[in-house]
Amino acid sequence: MIHRNDQNVREFIIELQKQAAKCNFGDQLHVQLRDRLISGINIPGSERELLRMQKCSFQDARIACINYEAVNELDI
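FYI, in the numbering used here the residues of the sequence shown are 1069 to 1144.
This is the structure:
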């Protein structure tokens, strides 16, 4: 699943969670969500930054992506 240009990060995360709910990830749910978020975020530079984070949880990745999108929208 890839983050579309017409979709904000929160919408993408909700779609990931809906898709993951259909799978039997069990105790690996948050690991799978994190990995799919990082690989599918499709915001230039964000994947590299997320991969640099040590002990990055799904929650950490989710917050980082939302913040990264907000900063990019400021168009500084």
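Using N, Cα and C, we set each Cβ at its ideal position, and we do this for glycine too.
Closest Cα partner of residue i within the set the options
{"i": "Val1139", "options": "Ile1111, Lys1123 and Gln1127", "result": "Ile1111"}
{"i": "Ala1132", "options": "Gln1087, Glu1117 and Gly1108", "result": "Glu1117"}
{"i": "Phe1080", "options": "Cys1124, Lys1123 and Leu1105", "result": "Leu1105"}
Alpha-carbon to alpha-carbon, residue j and residue i
{"i": "Asn1073", "j": "Gly1094", "result": "31 Å"}
{"i": "Arg1102", "j": "Glu1141", "result": "23 Å"}
{"i": "Asn1153", "j": "Lys1086", "result": "The displayed coordinates of the chain run from 1069 to 1144. Any statement about residue 1153 would go beyond what the structure contains."}
{"i": "Ser1114", "j": "Lys1090", "result": "27 Å"}
{"i": "Asp1128", "j": "Arg1120", "result": "12 Å"}
{"i": "Ala1088", "j": "Ser1125", "result": "16 Å"}
{"i": "Leu1084", "j": "Gln1122", "result": "22 Å"}
{"i": "Gln1062", "j": "Leu1097", "result": "Here the chain has residues from 1069 to 1144 only, and residue 1062 is not among them."}
Cβ distance (whole Å) where residue i is taken to contact residue j below 8 Å
{"i": "Gly1108", "j": "Ile1082", "result": "About 13 Å; that fails the 8 Å criterion."}
{"i": "Glu1137", "j": "Val1077", "result": "4 Å"}
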